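Accompanying notes for the structure given below.
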Amino acid sequence: MPYLREVKRARDIERRGNYKYIWHFCKGCGKARGVRYTRNEPESVRCLSCADKLRTREKASNWKGGRLKTNKGYIKIRLESGDPFFPMVTRDGYVLEHRLVMARHLGRSLLKNEIVHHKGRRYPRH
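In this note's numbering, the protein residues as written are -16 to 109.
In C-alpha cells:
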C-alpha cells in the first residue's frame, strides 16, 4: 500500500492512461484512495459517496425545483415531510400535480380511491 501523498503513474497502480495518481484521504469520511493528480494537487478531495451526499436537491446542477414529468405526461410534485398533504405522496416522495391541486381546493388530503379527472384531454390542464 502506498504511503500518504505518494505520487505514482497510472500504469504502476494498474490504471489506464498516462495520468499521475496521489494517495489521498477523503475529506468527508477519511477513507484512503488513489486520486488523479494534476497541477501539483489532487483533482478531488472527497470520494464519490461523500461528494454525492453534498450534491442533493437544490445543490444539484440538474435540480428542477421538485417538479418532474412522467413518461405518460403527468407532472409530479415533491413534497416535504412537514407538508399537510404529505400523506398523499408515493414511495418516491412525489404526488401527482392534479391530485395536489384538487386536495388544496378541498382543503384536505385525498384518499387513494378518490379519482381526480383533468379538465381537458391533455394532462397538464387541471
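Every residue gets a Cβ at the ideal spot worked out from N, C-alpha and C, and that includes glycine. Only a predicted model underlies this, so the values are computations on that prediction, with no experimental measurement involved.
Check the Cα spacing between D75 and each of L31, P25, S44 and I60: the tightest is with I60. If you ignore the 5 residues before and after K52, its C-beta comes within less than 6 Å of the C-beta of I58, all in its own chain and listed in chain order. Residues A(-7) of the same chain have their beta carbon placed closer than 7 Å to that of R(-1), with the five preceding and five following residues left out of the count. The DSSP-derived three-state label of V99 is coil. Annotation for K36: the continuous alpha helix (DSSP H) segment containing it runs L31 to L37. For V(-10), the enclosing beta strand (DSSP E) has its first and last residue at V(-10) to R(-8). Scanning its chain for C-beta atoms nearer than 8 Å, with the 5 sequence neighbours on each side dropped, one finds around M71 the residues L62, V78, R82, L83, A86, S92 and L93, in chain order. Each of E26, R50 and A43 was checked against the Cα of F8, and the nearest Cα belongs to E26. Look at L83 here: in three-state DSSP terms it is helix.
R40 sits in a helix when the DSSP states are folded into three classes. In this model, K36 and K102 are separated by some 41 Å (Cα to Cα). The DSSP-derived three-state label of F68 is coil.
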